[in-house]
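Going by this note's numbering, the first residue of the sequence shown is number 97, and it counts up by one from there.
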Amino acid sequence: MAEKTEKQEKTQKARPEVKKEYYSIVRIMQTDIPGNKNTLTGLTYLKGVSWSISNAMCKLLKLDTKKKVSDLTPAETESIIKFLENIPPEVPKFLYNRRKDFETGEDYHLTGTDLDMKREFDIRRLKKIRSYRGLRHATGQPTRGQRTKSHFRTHGKKKAVGVQKKKPEGKK
Numbered sequence: 097m098a099e100k101t102e103k104q105e106k107t108q109k110a111r112p113e114v115k116k117e118y119y120s121i122v123r124i125m126q127t128d129i130p131g132n133k134n135t136l137t138g139l140t141y142l143k144g145v146s147w148s149i150s151n152a153m154c155k156l157l158k159l160d161t162k163k164k165v166s167d168l169t170p171a172e173t174e175s176i177i178k179f180l181e182n183i184p185p186e187v188p189k190f191l192y193n194r195r196k197d198f199e200t201g202e203d204y205h206l207t208g209t210d211l212d213m214k215r216e217f218d219i220r221r222l223k224k225i226r227s228y229r230g231l232r233h234a235t236g237q238p239t240r241g242q243r244t245k246s247h248f249r250t251h252g253k254k255k256a257v258g259v260q261k262k263k264p265e266g267k268k
């Protein structure tokens, strides 16, 4: 009997532990973040937050990068929101997504819909002044020097679906 209990203990120890499931969704700055992602990865779901900004945020706010997003406390989420609204000067300027703004000349970081609006206004300005990049945007061609012999035509658009021929009707 002692042998059986030892075998039973070994089989019980050999089984892997069942990992906790994370199904919740955390909402930060009007963005849904899956709760099963770790903090470093989950913060990149926010528009305007890259891996480097996410890493800097975790270090400056002293957040555990491996902690799941669903385990963040409300105080931590508030600190993340405050960080993104007003990025502290400890973050290097080269991580900002809006350096030397055309209108103000300042360096700042945009997130969410503000980023989309600024990008759209920049493209409109380029089209209006008829710059090379503006003309490329207007015609739907690549703007950063890529080759145009092939592969640029389907970017951002649906690919054409082949048309099927009608089947000939059978003779009677």
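From the three backbone atoms N, C-alpha and C, an ideal C-beta is built for every residue, glycine too.
Computed from a predicted structure; not experimentally measured.
Just the C-alpha distance for Leu168 and Lys245, rounded to the nearest angstrom, thanks. As a first step, residue 168 is located in the sequence shown; it is residue number 72 there, counting from the start. As a first step, residue 245 is located in the sequence shown; it is residue number 149 there, counting from the start. Each residue's alpha carbon lies about 49 Å from the other.
To which residues of the same chain is Lys158 closer than 6 Å at the C-beta, ignoring the five residues directly before and after it? The residue given as residue 158 occupies position 62 in the sequence shown. Cβ neighbours of Lys158 beyond the five flanking positions: none.
What are the start and end residues of each continuous alpha helix (DSSP H) run of 4 or more residues lying completely inside the region 193–250, in chain order? 209–224, 228–235
Candidates Phe198, Glu202, Arg232, of which the one nearest Phe217 by Cα: Taking the first residue of the sequence shown as 1, we reach residue 217 at position 121. Of Phe198, Glu202, Arg232, the residue nearest in Cα terms is Phe198.
Give me, in chain order, the residues of the same chain whose beta-carbon lies closer than 6 Å to that of Lys162; leave out the 5 immediate sequence neighbours on both sides. As a first step, residue 162 must be located in the sequence shown, where it is residue number 66. These residues qualify, in order along the chain: Asn134.
For Ile183, which three-state DSSP category applies? Working through the sequence shown from its first residue, we reach residue 183 at position 87. Looking at Ile183 - three-state DSSP - the assignment turns out to be coil, as it is neither helix nor strand.
Report all residues from its chain with a CB closer than 6 Å to the CB of Phe248; omit the five preceding and five following residues, and keep chain order. Numbered from its first residue, the sequence shown carries residue 248 at position 152. Cβ within range, chain order: Pro238.
I'd like to confirm the pairing. Which residues does DSSP put opposite Asp128 in its beta bridges? Stepping through the sequence shown from its first residue, residue 128 is reached at position 32. Note: Asp128 sits in a beta bridge opposite Arg123.
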